[in-house]
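Novice:
Protein chains: 2
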Amino acid sequence: MQFAQRIDDQMDSNLEALLAAPAAGQVSFAGGLPDPQLFPERELSSAFSQALTTAGAQCLQYASAAGYEPLRQKIAHFLRRDGVPASTNTVMLTQGAQQALDLTARLFINPGDGLVVEGPTYAGALAAFDAYQPHYLSIPVRSDGMDMTILRQTLEQHPVKLLYTVPDFQNPTGTVMSLRKRKQLLALAREFDFIILEDAPYRSLRYRGIGLPTLRELDTDDRVIHVGSFSKILSPGLRLGWLTATPALLSRLITLKSGADLETSNLMMRAIDSYLNTNDLGQHIRQLRSTYAAKQEAMSTALQAGLPQGVGCSQPDGGFFLWVTLPEGCDSERILSRCRDHVTFVPSTTLYAARNDRRGIRLAFTNPSTDDIQRGCAELCNSIRQELVMVNSTKQLQQRN
Amino acid sequence: MQFAQRIDDQMDSNLEALLAAPAAGQVSFAGGLPDPQLFPERELSSAFSQALTTAGAQCLQYASAAGYEPLRQKIAHFLRRDGVPASTNTVMLTQGAQQALDLTARLFINPGDGLVVEGPTYAGALAAFDAYQPHYLSIPVRSDGMDMTILRQTLEQHPVKLLYTVPDFQNPTGTVMSLRKRKQLLALAREFDFIILEDAPYRSLRYRGIGLPTLRELDTDDRVIHVGSFSKILSPGLRLGWLTATPALLSRLITLKSGADLETSNLMMRAIDSYLNTNDLGQHIRQLRSTYAAKQEAMSTALQAGLPQGVGCSQPDGGFFLWVTLPEGCDSERILSRCRDHVTFVPSTTLYAARNDRRGIRLAFTNPSTDDIQRGCAELCNSIRQELVMVNSTKQLQQRN
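As given, the protein sequences belong to chains Z and U, one line each in that order.
Per our numbering, the very first residue in the first sequence carries number -17; after that it's consecutive.
Per our numbering, the very first residue in the second sequence carries number -17; after that it's consecutive.
Given below as structure tokens:
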């Protein structure tokens, strides 16, 4: 019995551990989990009951691989209000945004094909792409998005088919790609003929400042596949995402979805449609923004107070994550093993295509309470201080010898 | 912009069309759709409400790629009662059985690897496997399952990694693999070292006779991956299937599922679990059996009365499908284009790996009413008679010249 080559090539992304609930007494900054107190349980319960009462037989039957049309229509409207050109016929529904990543890689990637990712990037994207055995090219993320100079150099040296980016509140750094860089990226896509996969699950969750146009909006050349999801703005337990692209790309992706899982749950699509008929999603998102802004503020404040000198920390204007950069010689996995009984996070090791960087820490601030954020940050800062003491004394020892 | 090689290799399975609702006035024997009158709408509505009321926050959060443990436990119990060795730790939940097929091919198949399928087979399986570019080897299905002589000859000539079969009420022929052939197949799997993917969505829907042990039950060598689903016994709109295999295989498949869509909807899994807590699935299945047995009877009777001599017809003891075999020279697609305003079905063209057989017709009897079955069969028999007249007169003309 021999597995496919892709299994040997695949690295462990440890996604399961990421999404696990924290143990008792432990503060988890690890998984990108929404605050469960903000889930509209009652409204969703009514929506399911409404869908099953008025159209039970239709809800429970097979439907279509593209997805329930009225819901696609609503998502197209939601996208257009954000400047993204979209219509019912250019939107398909997916099993969370994750499936959109899987299907896009399935459409384009042969083993060895060039695929650009950000460094660091979303671990789940690497897990999705790994199945298609790409040749990863990792581009460093600066405070205003991907390093475009390094990207151009890379494109000059390697053929690239697909580029994956989270331009808004990037996972894991929380940074936003500047307008200048968005335009540069699109120009590079034209020049070097590649597709851009724009993953935008955090886009609606801006806590300050003004949003920039999506890559899809700026795209004059139909090179951008834009992906979104209800996971962060409604509930991840629904597993409903979407993808918008040209009709030509979409029809291929719908065929691939048929092969992957036939279709998304008809009941789920109709219940969410029913929820949107009787609730104001915009109002719900405003509530999320206000709660998450306060949590982000609490975490930033706690880290500014507690982090030792020489340790960097991103200042996100939205999203779920904050990124800590450690000085040379530090090891985020060692820090985690020191503090994991009290506080957990995602070490950078799983967040790079080459899994080779140990100097970053991803902190999700959305799930824990403000109290837990303060407690967890204090523990984390302690552990980082111990790491620095250890690293510095090792350095001094080496210098003496 | 260039698609991956798999896109060029892929043939159109037309799954979307298969699962579409029939047009007005049209009787559809095409899609394998359950009878919507048998969906437990009220019970499922209560189950969703129950799940969201008692554990809303948990239902709506991320959960686990393997699936909600209490539901896996119940499915393991359901499997054990059927003789299949299974425990919570050897069951994972999937996005319908379809995803189990996708993940299994993903685990084993490199481009060009030998994959045995039945001829004819389930079109959706071909759509799932196509993404991994296997070298298909198609083995004819007899009235007691795959032709084992041809299978052995094929295995002696080609290396094979995976074999896909629907041993119970095969899709599309409705046949059951005999016990002798089940044992032969397992012996061949040992001898030629391949994995068997046993797809059993129709297994509980036996209308007469006594069931045979599953391949997984007879498997002494851990070579069988057994797949099931709630689609045919509860509702396809839930999109919930499962897979049981050894823990070693399962852990790989769970990792692949993480990459494909992170996890199945937590809410869906918990609501189905809640449904099973308060309803008797066995009782529900007995009701399905009684309704479907009558429909199968009605279709068999109508076809026996109406089909011209020389046209064969399977006599399934369960499942969803009946298979019509046409004499040489006949073309099921031509028949369909003649009668499609009144009755539709699946022509054999999409049901063979090589898409080269035109002499078969798949008829699903579960969705239409008994009246529609009679009306549709009369139209179909008419159209087949016209085809025979045309084929025979062409033959006579050719013989004269």
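Note that CB positions come from ideal geometry on N, CA and C, so glycine has one too.
Comparing alpha-carbon positions, which option in Asp175/U, Phe151/U, Ile178/U and Gly223/U lies nearest Leu194/U?
Specialist: Position 212 of the second sequence holds residue 194/U. Of Asp175/U, Phe151/U, Ile178/U and Gly223/U, the residue nearest in Cα terms is Phe151/U.
Novice: Using a Cβ-Cβ cut-off of 8 Å, state whether Gly188/U counts as contacting chain Z.
Specialist: Looking up residue 188/U in the second sequence gives position 206. The sequence shown places Arg at residue 188/U, rather than the Gly named in the question. No, its Cβ sits nowhere closer than 8 Å to a Cβ of chain Z.
Novice: State yes or no: is the beta carbon of Ser45/Z nearer than 8 Å to at least one beta carbon in chain U?
Specialist: Reading the first sequence from its first residue, position 63 is the one you call residue 45/Z. Ser is not the amino acid found at residue 45/Z; the sequence shown has Ala there. It does; some Cβ of chain U falls within 8 Å.
Novice: Residues in its own chain within less than 6 Å of Asp95/Z by CB, not counting five upstream and five downstream?
Specialist: Your numbering for residue 95/Z matches position 113 in the first sequence. Same-chain partners within the cutoff: Pro116 and Lys143.
Novice: Expressed to the nearest angstrom, what Euclidean distance is found between the alpha-carbon atoms of Leu231/Z and Leu238/U?
Specialist: Residue numbering aside, residue 231/Z sits at position 249 when the first sequence is read from its first letter. Residue numbering aside, residue 238/U sits at position 256 when the second sequence is read from its first letter. When rounded, the distance between both Cα atoms is 24 Å.
Novice: Scan the region 213 to 225 of chain Z for residues whose Cβ lies nearer than 7 Å to a Cβ of chain U and list them as they occur along the chain.
Specialist: Per Cβ criterion, the list reads Ser217, Pro218, Gly219, Leu220 and Arg221.
Novice: Between which two residues does the beta strand (DSSP E) holding Glu173/Z run?
Specialist: On the first sequence, residue 173/Z is found 191 positions in, with the first residue counted as 1. Not the beta strand (DSSP E): Glu173/Z falls in the alpha helix (DSSP H), residues Leu161 to Phe174.
Novice: Excluding the five sequence neighbours on either side, which residues of its own chain have a C-beta within less than 6 Å of the C-beta of Ile267/U, listed in chain order?
Specialist: For the purposes of this step, residue 267/U is taken as the residue at position 285 of the second sequence. Ser186 and Ile215, listed in sequence order.
Novice: Between Leu304/U, Arg164/U, Cys363/U and Asn349/U, which lies nearest to Leu318/U when the distance is taken from Cα to Cα?
Specialist: Position 336 of the second sequence, counted from the start, is the residue given in the question as residue 318/U. Nearest C-alpha to Leu318/U: Cys363/U.
Novice: DSSP beta-bridge partners for Pro329/Z?
Specialist: Mapped onto the first sequence, residue 329/Z falls at position 347. Its beta-bridge partners are Ile343/Z.
Novice: With distance defined between alpha-carbon atoms, name the residue in Leu333/U, Arg234/U and Thr228/U nearest to Asp(-9)/Z.
Specialist: Here residue -9/Z refers to the residue found at position 9 of the first sequence. Of the candidates Leu333/U, Arg234/U and Thr228/U, the one whose C-alpha sits nearest the C-alpha of Asp(-9)/Z is Arg234/U.
Novice: Using a Cβ-Cβ cut-off of 8 Å, state whether Gln269/Z counts as contacting chain U.
Specialist: Residue 269/Z sits at position 287 when you count from the first residue of the first sequence. Not an interface residue.
Novice: Assuming Arg182/Z and Thr202/Z are in contact, meaning their beta carbons sit under 8 Å apart, how far apart are those beta carbons, in whole angstroms?
Specialist: As a first step, residue 182/Z must be located in the first sequence, where it is residue number 200. As a first step, residue 202/Z must be located in the first sequence, where it is residue number 220. The residue you asked about is not Arg; residue 182/Z is Ala in the sequence shown. That pair is no contact at about 19 Å.
Novice: So with Cβ pairs under 8 Å, would you call Ser256/U a contact of chain Z?
Specialist: For the purposes of this step, residue 256/U is identified with residue 274 of the second sequence, where counting begins at 1. No - not a single Cβ of chain Z is within 8 Å of the one on Ser256/U.
Novice: For a contact meaning CB atoms closer than 7 Å, what does Cys321/U contact in chain Z?
Specialist: Numbered from its first residue, the second sequence carries residue 321/U at position 339. Those do not exist, as Cys321/U stays about 23 Å from chain Z at its closest Cβ, beyond 7 Å.
Novice: Are Gln139/Z and Asp243/Z close, meaning C-beta to C-beta below 8 Å?
Specialist: In the first sequence, residue 139/Z corresponds to position 157, counting from 1. In the first sequence, residue 243/Z corresponds to position 261, counting from 1. Contact flag unset, no.
Novice: Shorter than 8 Å from the beta carbon of Ser10/U to some beta carbon of chain Z?
Specialist: Counting from 1 along the second sequence, the entry for residue 10/U is found at position 28. False, the Cβ-Cβ gap to chain Z never drops below 8 Å.
Novice: Since I believe Thr246/U is in contact with Thr222/U (beta carbons under 8 Å), could you give me their beta-carbon distance rounded to a whole number of angstroms?
Specialist: Translated into the one-based positions of the second sequence, residue 222/U becomes position 240. Translated into the one-based positions of the second sequence, residue 246/U becomes position 264. Residue 222/U is actually Leu in this sequence, not Thr. Indeed they touch by this definition, with Cβ atoms about 7 Å apart.
Novice: 8 Å is my cut-off, CB to CB: does Leu34/U come that close to chain Z?
Specialist: Residue 34/U sits at position 52 when you count from the first residue of the second sequence. Yes, its Cβ sits closer than 8 Å to a Cβ of chain Z.
Novice: Under 8 Å Cβ-Cβ, which residues of chain Z neighbour Arg234/U?
Specialist: For the purposes of this step, residue 234/U is taken as residue 252 along the second sequence, with counting starting at 1. Those are Phe(-15) and Ile(-11), listed as they occur along chain Z.
Novice: Would Gly294/Z pass as a contact of Thr307/Z if the rule is Cβ separation under 8 Å?
Specialist: If you number the first sequence from 1, residue 294/Z lands on position 312. If you number the first sequence from 1, residue 307/Z lands on position 325. Result yes, Cβ atoms of Gly294/Z and Thr307/Z sit closer than 8 Å.
Novice: So, is the C-beta of Gly78/U closer than 8 Å to a C-beta in chain Z?
Specialist: Position 96 of the second sequence, counting from 1, holds the residue named residue 78/U. Under the Cβ distance rule, Gly78/U counts among the residues neighbouring chain Z, one pair being separated by less than 8 Å.
Novice: So, is the C-beta of Phe302/Z closer than 8 Å to a C-beta in chain U?
Specialist: If you number the first sequence from 1, residue 302/Z lands on position 320. Chain U, which has no Cβ nearer than 8 Å to the Cβ of Phe302/Z, makes this no.
Novice: What are the partner residues of Gly210/Z, as DSSP defines its beta bridges?
Specialist: Translated into the one-based positions of the first sequence, residue 210/Z becomes position 228. Paired residues: Trp224/Z.
Novice: Report yes if the C-beta distance between Leu20/Z and Gln269/Z is below 8 Å; otherwise report no.
Specialist: As a position in the first sequence, residue 20/Z is number 38, starting the count at 1. As a position in the first sequence, residue 269/Z is number 287, starting the count at 1. Contact: yes.
Novice: So Leu285/U and Ala33/U are in contact, right, with Cβ under 8 Å, and what is the actual spacing, rounded?
Specialist: By 1-based counting over the second sequence, the position of residue 285/U is 303. By 1-based counting over the second sequence, the position of residue 33/U is 51. Not confirmed; about 44 Å, so no contact.
Novice: Give the straight-line distance between the Cα atoms of Gly358/Z and Val325/Z, rounded to the nearest whole angstrom.
Specialist: Translated into positions along the first sequence, residue 358/Z becomes position 376. Translated into positions along the first sequence, residue 325/Z becomes position 343. One C-alpha to the other measures close to 5 Å.
Novice: Cβ of Leu75/U less than 8 Å from any chain Z Cβ?
Specialist: Here residue 75/U refers to the residue found at position 93 of the second sequence. Closer than 8 Å: no.
Novice: Kindly confirm or deny that the region 48 to 65 of chain U and the region 75 to 91 of chain U touch, where touching means at least three C-beta pairs closer than 8 Å.
Specialist: yes
Novice: My output table needs one value for Val371/U: the three-state DSSP class, helix, strand or coil.
Specialist: Residue numbering aside, residue 371/U sits at position 389 when the second sequence is read from its first letter. Reduced to three states, the DSSP call for Val371/U is helix.
Novice: Just checking: is the beta-carbon of Pro18/Z within a distance shorter than 8 Å of some beta-carbon in chain U?
Specialist: Indexing the first sequence from 1 puts residue 18/Z at position 36. Answer yes: the Cβ-Cβ gap between Pro18/Z and chain U drops below 8 Å somewhere.
Novice: From the DSSP output, in three-state form, read off Pro218/U for me.
Specialist: Locating residue 218/U in the second sequence gives position 236, where the first residue counts as 1. It is helical.
Novice: If you drop the 5 nearest sequence neighbours on each side, which residues of the same chain put their C-beta closer than 7 Å to that of Ser256/U?
Specialist: Residue mapping note: residue 256/U aligns to position 274 of the second sequence, counting from 1. Non-local beta-carbon contacts of Ser256/U in its own chain, meaning distances under 7 Å to residues more than five positions away in sequence, involve Ala29, Gln32 and Ala33 in chain order.
Novice: Using a Cβ-Cβ distance cut-off of 8 Å, determine whether Arg164/U contacts chain Z.
Specialist: In the second sequence, counting from the first residue as 1, residue 164/U sits at position 182. No - not a single Cβ of chain Z is within 8 Å of the one on Arg164/U.
Novice: Run down chain U in chain order and give the residues with a C-beta less than 9 Å from the C-beta of Thr246/Z.
Specialist: For the purposes of this step, residue 246/Z is identified with residue 264 of the first sequence, where counting begins at 1. Against chain U, the beta carbon of Thr246/Z has neighbours under 9 Å at Gln77 and Arg221, listed in chain order.
Novice: With distance defined between alpha-carbon atoms, name the residue in Ser272/U, Glu180/U, Ile254/U and Pro67/U nearest to Val158/U.
Specialist: Position 176 of the second sequence, counting from 1, holds the residue named residue 158/U. Comparing Cα-Cα distances from Val158/U to each of Ser272/U, Glu180/U, Ile254/U and Pro67/U, the minimum goes to Glu180/U.
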